[in-house]
Amino acid sequence: MKRRYSGTAGNNHVLQPSKRWKQGNAGPSRAEVNRACQEAQDKYENRQELLRVCQDNFDDAKALTAQAADRKTAAQTAKGKGCHHTAAALRCESASLQKQASTKYKEANHTAFTANNAGRLFRPMLNVAHNTAENAARKVLAERSALQRRQQEWPGTTILLVVVSV
Numbered sequence: 034m035k036r037r038y039s040g041t042a043g044n045n046h047v048l049q050p051s052k053r054w055k056q057g058n059a060g061p062s063r064a065e066v067n068r069a070c071q072e073a074q075d076k077y078e079n080r081q082e083l084l085r086v087c088q089d090n091f092d093d094a095k096a097l098t099a100q101a102a103d104r105k106t107a108a109q110t111a112k113g114k115g116c117h118h119t120a121a122a123l124r125c126e127s128a129s130l131q132k133q134a135s136t137k138y139k140e141a142n143h144t145a146f147t148a149n150n151a152g153r154l155f156r157p158m159l160n161v162a163h164n165t166a167e168n169a170a171r172k173v174l175a176e177r178s179a180l181q182r183r184q185q186e187w188p189g190t191t192i193l194l195v196v197v198s199v
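Just so we're aligned, residue 34 is where the sequence shown starts under our numbering, counting upward by one.
Next up, the structure:
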């Protein structure tokens, strides 16, 4: 049993039981279960959005890479025809497009990494929410079966069972 000092000025020598011990370790409330379920759902939706953004960035990067390759080919053709100024301009444009594509690939990689982390966090959160809801349901069923046993043992008496849920 974990104990701590009460912290009052005159009674520092008095040990007080911790708050969790006082509550009897009652388990999660319905609000906590609902909150965990909602957090898990939000994480899942966030992950799906991140995956969509990642795919968009990847598609943009592929298109930019293709444009850069076209400009590079056009620059080589222009150089072969003796148009050196046009070839230089096309090479600059190709380099610029390639840099933009590189940035898009980096963004896609970053969002994929973030989505992967969100996915790893989502599953345990959902499991925790499901398990706490299952445990709460088991507890209620156990109380009901205990009530039925008591009513069978003492027929003709009414037993009032009050289940308080926060």
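In this text, a Cβ means the ideal position worked out from N, Cα and C, and glycines have one as well.
All figures in this text were calculated on a predicted structure; none of them were measured in a lab.
- Taken through DSSP and simplified to helix, strand or coil, C87 comes out as helix.
- Here S127 really is in contact with K105; their C-beta atoms are around 4 Å apart, less than 8 Å.
- For L123, the closest of N90, A107, T136, S135 by C-alpha to C-alpha distance is A107.
- Distance from the CA of V173 to the CA of C87, rounded to the nearest whole angstrom, comes to 45 Å.
- For K132, the three-state secondary structure derived from DSSP is helix.
- Closest in C-alpha terms to F146, from the list L83, V66, E65, Q74, comes L83.
- Here A148 is buried, its C-beta having at least 16 other C-beta atoms within 10 Å.
- Closest in C-alpha terms to K76, from the list N150, Q185, A175, comes N150.
- Taking the C-beta atoms as reference points, A111 is found nearer than 9 Å to A120.
- Under a 10 Å Cβ-count criterion, K137 is classified as buried, with 16 or more other Cβ atoms of the shown protein chains found around its own Cβ.
- Of all alpha-carbon atoms in G115, H143, R63, the one lying nearest the alpha-carbon of N90 is that of H143.
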